[in-house]
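To start, the structure itself, in structure tokens.
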Amino acid sequence: MTRAARTSSALTKTESGNSMGTKAAEHIQLSRGRGLRARISNWGVYLTELWPDAERDVVLSHANDGGRRGDGLHLGCIIGRHANRIRDGSFELDGWQHQLPCNAGDNHLHGGHAGFHQQFWEVVSREPARAHLRLLSPNGQEGYPGSLEVDASVSLPTDLSLRLELAAVTDAPTPVNLTWHPYFNLAGHASGSAGDHRIQIDADAFLPMTSEFCPSGEIRKVDGTPFDLREPQIIAPLLGSRYPQMVVGEGFDHCFLIRGEGLRRAARLEAPDGRLAMEVWSTQVGLQFYTGNTLMLPRGAKGGARYRRLSGICLEPQGLPDAPNHPYFPSTILRPGERYHQIIEYRFEVG
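For what it's worth, the working numbering labels the leading residue of the sequence shown as 9, then goes sequentially.
What follows is the structure, given as structure tokens:
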């Protein structure tokens, strides 16, 4: 018999001590010589600017931190404690049933209403090409068991690469699945549709999903499907496919299982003009590919831009969605004495 959850109910943002309130977010500019420039906020570790060259800022963003408060688009932030969906907001762990808030229909999405994207992160240190931030998520926040201490290091290891290194420890068993959620348009954030970009994903299989965007439990080979992106493909023509999973998702909103282990390439995105490409490297087992199917921000974007469906592409390295409810998926449970450690890196090629 499943026992009742022993954690306290989810703390409010005020109780967590990290709510925005009237406090101003801190913005950190990172640069490396004449190479790539990036800008992040300590509110949610939002990536608000990314300039691979002098001509184009390639990440979509709100105009200010006010727009990021309650951000349902997750427009460039760190996601936690658990990326993607958890079916019914519920999971069993060591015989205890835990209930999380359901903020996406009947399911829990991206850590809930007061997930890591809605928290102030402490700026531990900063250098011209590196910033170290930390967050303490208390026991019971958004229903998750155990206190979790998270460290995020954002750096420019080379002139044309941006790295996010994530580490976490806990005092009780808890699900942990962190990712970064930028929307990319390599022609420039305000350039319109990214459908003419070429995408390549180094995966032989993907997770089909239900009508509620939760994994069905099947791991399906990409062979003979629009999900076979092992060779570069232009995105827009694929979206017209009547393949059932494309219809359910109204485009791509699926997790791919990346080949290999350790830090390796997961995907490559190429701008239509051929002058800029980006590779996503990661230590994670999965990569969520999302074509901005419900993206709509007609005002409130930086520079007066208007974002619509397909204005940006998300490539989110992560553990598998709803993993706590699928025992044969790689586990996303972190236990005391263990250290969560994952790397996400974006490597650019400028022509």
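We treat Cβ as the ideally placed atom computed from N, Cα and C, and that holds for glycine.
Owing to the predicted nature of the structure, the values given are computational and were not obtained by experimental measurement.
| query | result |
| --- | --- |
| With 16 other Cβ atoms within 10 Å as the buried cut-off, status of F324 | Residue identity check: residue 324 is Glu in the sequence provided, not Phe. Buried. |
| CB of R343 within 8 Å of CB of P181, strictly | yes |
| DSSP three-state assignment for Y184, whether helix, strand or coil | Note on identity: in this sequence residue 184 is Val, with Tyr being the wrong assignment. Reduced to three states, the DSSP call for V184 is coil. |
| Buried or exposed by the 16-neighbour rule on C-beta atoms within 10 Å, applied to E231 | Reading off the sequence shown, one finds Asp at residue 231, where the question assumed Glu. Label assigned to D231: exposed. |
| DSSP state of G294 mapped onto helix, strand, coil | strand |
| Classification of S169 by the beta-carbon crowding that lies within 10 angstroms, buried from 16 upward | buried |
| Same chain only: Cβ atoms within 6 Å of R206, ignoring 5 sequence neighbours per side | P240, I242 and E278 |
| Every unbroken beta strand (DSSP E) within the region 147–204, with a cutoff of 3 residues, ordered by chain | 156–166 and 169–178 |
| Span of the alpha helix (DSSP H), counted from its first residue to its last, around V256 | P252 to G257 |
| Alpha-carbon to alpha-carbon, G88 and R77 | 16 Å |
| Same chain, Cβ closer than 7 Å to P280, five either side skipped, listed in chain order | A195, D204 and H205 |
| Residue environment, K310, which counts as buried when at least 16 other CB atoms sit within 10 Å | buried |
| N92 beta carbon less than 8 Å from that of Q296 | yes |
| Reduced DSSP category for K229 - H, G, I as helix; E, B as strand; rest coil | strand |
| CA-to-CA distance, D65 to I36, given in whole angstroms | 16 Å |
| Buried versus exposed call for T218 [16 or more other C-beta atoms within 10 Å across all chains shown] | exposed |
| Which of helix, strand or coil DSSP assigns to N50 | coil |
| Stretch pair the region 154–168 + the region 39–47: three plus CB contacts closer than 8 Å | yes |
| Buried versus exposed call for A32 [16 or more other C-beta atoms within 10 Å across all chains shown] | exposed |
| For Q326, the nearest candidate out of Q350, E346 and S319 (CA to CA) | Q350 |
| Proximal residues to E130 (C-beta, below 6 Å), its chain only, five neighbours per side dropped | R142 |
| Neighbourhood of T15 by C-beta distance below 6 Å, restricted to the same chain and skipping five residues each side | Bear in mind that a pLDDT of 37 at T15, under 50, signals an unreliable position, so the number given afterwards is only what the model happens to contain. The residues are G148 and P153. |
| Helix, strand or coil at P332 according to DSSP, with G and I counted as helix | helix |
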